[in-house]
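Here our numbering is used: the first residue of the sequence shown is 253, the next is one more, and so on.
Every residue, glycine too, gets a C-beta built ideally from N, C-alpha and C.
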Amino acid sequence: MKFVQQLNPSDSKLAASLADFVPAEVYDIHTHPYHPDHFGPQAWPFLREFGTQGCAEHRAALQRYMPSATIHGLYFGMPHPTANRPAINAWLADEVRTRGTALSRGLLLVAPGDNREEVAAALRSGRFCGIKVYHCYSGRPDTMNALVEEFAPEWMWEILHEVRGVLLLHIVRDGAIDDDANQQSLRRLCRAYPKMTLILAHIARSFNYRNARHGLGAVADLENAVVDTSAICESEAFRAALRILGPRRVLWGSDFAVSELRGRCVTTGRLFFWLHPELIRADYQAPSTTDITLVGIESLLCLREACEDSGLTQGDIEDIFRRNALRVLAPHLPSSARS
Ligand SMILES: [Zn+2]
Numbered sequence: 253m254k255f256v257q258q259l260n261p262s263d264s265k266l267a268a269s270l271a272d273f274v275p276a277e278v279y280d281i282h283t284h285p286y287h288p289d290h291f292g293p294q295a296w297p298f299l300r301e302f303g304t305q306g307c308a309e310h311r312a313a314l315q316r317y318m319p320s321a322t323i324h325g326l327y328f329g330m331p332h333p334t335a336n337r338p339a340i341n342a343w344l345a346d347e348v349r350t351r352g353t354a355l356s357r358g359l360l361l362v363a364p365g366d367n368r369e370e371v372a373a374a375l376r377s378g379r380f381c382g383i384k385v386y387h388c389y390s391g392r393p394d395t396m397n398a399l400v401e402e403f404a405p406e407w408m409w410e411i412l413h414e415v416r417g418v419l420l421l422h423i424v425r426d427g428a429i430d431d432d433a434n435q436q437s438l439r440r441l442c443r444a445y446p447k448m449t450l451i452l453a454h455i456a457r458s459f460n461y462r463n464a465r466h467g468l469g470a471v472a473d474l475e476n477a478v479v480d481t482s483a484i485c486e487s488e489a490f491r492a493a494l495r496i497l498g499p500r501r502v503l504w505g506s507d508f509a510v511s512e513l514r515g516r517c518v519t520t521g522r523l524f525f526w527l528h529p530e531l532i533r534a535d536y537q538a539p540s541t542t543d544i545t546l547v548g549i550e551s552l553l554c555l556r557e558a559c560e561d562s563g564l565t566q567g568d569i570e571d572i573f574r575r576n577a578l579r580v581l582a583p584h585l586p587s588s589a590r591s
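In structure tokens form, the structure reads like this:
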């Protein structure tokens with residue numbers, strides 16, 4: 253996979269078609285800045301040669317295909333088994349404060365074995381408005397089968413309830429939001445800690461759109477649970493989210509720097525796979541492989557189709573791209589930001 257630094261003419265044409273859909277001011281609810289010093293030598297090979305990707309690089313990358321003069325971000329480190337999380341978190345807080353927009357905020361990247369009091373102190377300090385967790389820290393060998401509590405233990409939810417913080421959660425297990433154990437965990441924890449907000453990444457990990465169709469109903473009545481759109485490239489996953497949760501609970505996110513790779517995720521049966529031009533055998537490729545566009549562009553095209561098919565208004569679209577994020581983060585933003 254390659255981190256794309258320059259759009260090709262086909263990308264630019266697709267980007268131009270988004271000009272009357274994407275608003276001038278947006279809030280990216282799911283974005284990962286990156287510093288190469290924070291990871292082992294094998295981590296993120298697609299990014300290594302490009303150096304630090306901070307808030308300014310994030311905005312510049314997206315502005316190549318989004319007509320948005322203002323891009324706020326909810327930033328958090330890239331989870332990886334080799335990640336130096338204390339270094340990532342310290343760098344990220346400084347990066348967001350000095351190079352993010354005034355409304356940008358950061359999440360603390362936390363593992364279950366971390367010191368609870370230190371995490372609580374970091375959140376109470378106001379430097380972070382919530383927690384990012386990931387299955388790779390669950391402590392079991394088959395991390396893709398981890399239960400929610402194995403990488404987002406209850407003590408994290410308790411702290412977030414206290415500080416009215418957000419939890420950015422990428423659920424795993426084959427069924428994702430259509431998995432009974434995941435549904436039970438999320439229902440129990442969201443009800444027990446109603447003052448926190450749960451952001452279910454990737455439409456509750458509906459890379460297979462059927463998971464969204466069959467599973468999102470299980471969280472429909474949990475008012476403190478929302479989904480982000482990041483890296484989803486299936487219009488039907490977005491349509492299901494808009495139908496089941498409504499446009500006030502769908503938040504646009506890029507998943508930068510994944511957004512800058514060519515490719516898309518594809519539903520097949522009960523699974524999904526990532527299709528990247530670098531993975532396609534030469535004799536299976538279309539005449540011009542450069543026509544496979546960026547994940548970020550593909551995701552926006554699919555979101556637009558779903559918004560059109562669902563009859564959304566301009567106000568709904570403003571909600572998805574900005575106002576829902578401001579509402580979710582309101583306890584951590586100046587009162588002037590609440591619209
Ligand atoms: Zn992500």
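7 Å CB neighbourhood of residue i in its chain, flanking five on each side removed
{"i": "Gly292", "result": "Thr334"}
{"i": "Ser482", "result": "His282, Ala453, His454, Gly505, Ser506 and Asp507"}
{"i": "Ala589", "result": "Leu355 and Leu578"}
{"i": "Asn582", "result": "The sequence as given places Ala at residue 582; Asn does not occur at that position. Once the five neighbours on either side are set aside, the close Cβ partners of Ala582 are Arg590."}
{"i": "Val510", "result": "Ala483 and Val547"}
N- and C-terminal bounds of the beta strand (DSSP E) containing residue i
{"i": "His310", "result": "Not the beta strand (DSSP E): His310 falls in the alpha helix (DSSP H), residues Cys307 to Gln315."}
{"i": "Cys442", "result": "Note, Cys442: premise wrong, no beta strand (DSSP E); alpha helix (DSSP H) at Asp432 to Ala444."}
{"i": "Lys384", "result": "Gly382 to Lys384"}
{"i": "Val489", "result": "It should be pointed out that residue 489 corresponds to Ala in this sequence rather than to Val. Counting along the chain, Ala489 falls outside any beta strand (DSSP E), though it belongs to the alpha helix (DSSP H) covering Ser487 to Ile496."}
{"i": "Phe525", "result": "Leu523 to Leu527"}
{"i": "His324", "result": "Thr322 to Tyr327"}
{"i": "Leu421", "result": "Val418 to Leu421"}
{"i": "Asp480", "result": "Ala477 to Asp480"}
Helix, strand or coil at residue i [DSSP, three-state]
{"i": "Trp504", "result": "coil"}
{"i": "Thr350", "result": "helix"}
{"i": "Asp543", "result": "helix"}
{"i": "Phe573", "result": "helix"}
{"i": "Ala345", "result": "helix"}
{"i": "Glu277", "result": "strand"}
{"i": "Thr304", "result": "coil"}
{"i": "Val256", "result": "coil"}
{"i": "Ala271", "result": "coil"}
{"i": "Glu471", "result": "Just to set this straight, residue 471 is Val in the shown sequence, not Glu. Here Val471 sits in helix by DSSP."}
{"i": "Arg392", "result": "coil"}
{"i": "Phe403", "result": "helix"}
{"i": "His290", "result": "helix"}
{"i": "Arg337", "result": "helix"}
Residue range of the unbroken alpha helix (DSSP H) whose run includes residue i
{"i": "Arg556", "result": "Val547 to Asp561"}
{"i": "Gly467", "result": "Tyr461 to Gly467"}
{"i": "His413", "result": "Glu406 to Val415"}
{"i": "Ile455", "result": "Ala453 to Arg457"}
{"i": "Ala373", "result": "Arg368 to Arg376"}
Same chain, Cβ closer than 8 Å to residue i, neighbours up to 5 away in sequence not counted
{"i": "Arg201", "result": "This structure cannot settle anything about residue 201, because the visible part of the chain is limited to 253 through 591."}
{"i": "Lys254", "result": "Phe298, Leu513, Arg514 and Glu530"}
{"i": "Val278", "result": "Met318, Ser320, Thr322, Ile323, His324, Trp504, Phe573 and Arg574"}
{"i": "Arg439", "result": "Ala470, Val471 and Leu474"}
Residue burial classification, residue i (beta-carbon count within 10 angstroms, cutoff 16)
{"i": "Pro214", "result": "In the structure as shown, the chain starts at 253 and stops at 591, and residue 214 therefore has no counterpart that could be examined."}
{"i": "Phe525", "result": "exposed"}
{"i": "Gly520", "result": "According to the sequence displayed, residue 520 carries Thr and not Gly. It is exposed - the Cβ of Thr520 has fewer than 16 other Cβ atoms within 10 Å."}
{"i": "Met396", "result": "exposed"}
{"i": "Tyr536", "result": "exposed"}
{"i": "Ala268", "result": "exposed"}
{"i": "Ser587", "result": "exposed"}
{"i": "Lys384", "result": "buried"}
{"i": "Thr545", "result": "buried"}
{"i": "Gln305", "result": "buried"}
{"i": "Asp431", "result": "buried"}
6 Å CB neighbourhood of residue i in its chain, flanking five on each side removed
{"i": "Asp568", "result": "Pro499"}
{"i": "Gly329", "result": "Ile340, Leu344 and Leu361"}
{"i": "Ala538", "result": "none"}
{"i": "Arg416", "result": "Lys447 and Pro583"}
Closer than 7 Å: residue i CB and nearest ligand 2 heavy atom
{"i": "Asp507", "result": "The ligand content of the structure shown is limited to ligand 1, which means ligand 2 is not among them."}
Does the structure place the segment 262-279 close enough to the segment 331-339 that three or more beta carbon pairs sit under 8 Å?
At 8 Å Cβ cutoff, the stretches do not touch.
Spell out a yes or no on whether the segment 476-490 and the segment 285-301 are touching, meaning 3 or more CB-CB pairs, one atom from each, closer than 8 Å.
no
Sufficient close CB pairs (3 or more, under 8 Å) joining the segment 501-508 to the segment 282-293:
yes
Please determine if the segment 321-328 and the segment 352-359 are in contact, where contact requires at least 3 C-beta pairs separated by less than 8 Å.
yes
Touch test, the segment 486-493 against the segment 548-566, Cβ-Cβ under 8 Å, three pairs minimum:
yes
Does the count of Cβ pairs from the segment 402-413 and the segment 368-387 closer than 8 Å reach three?
yes
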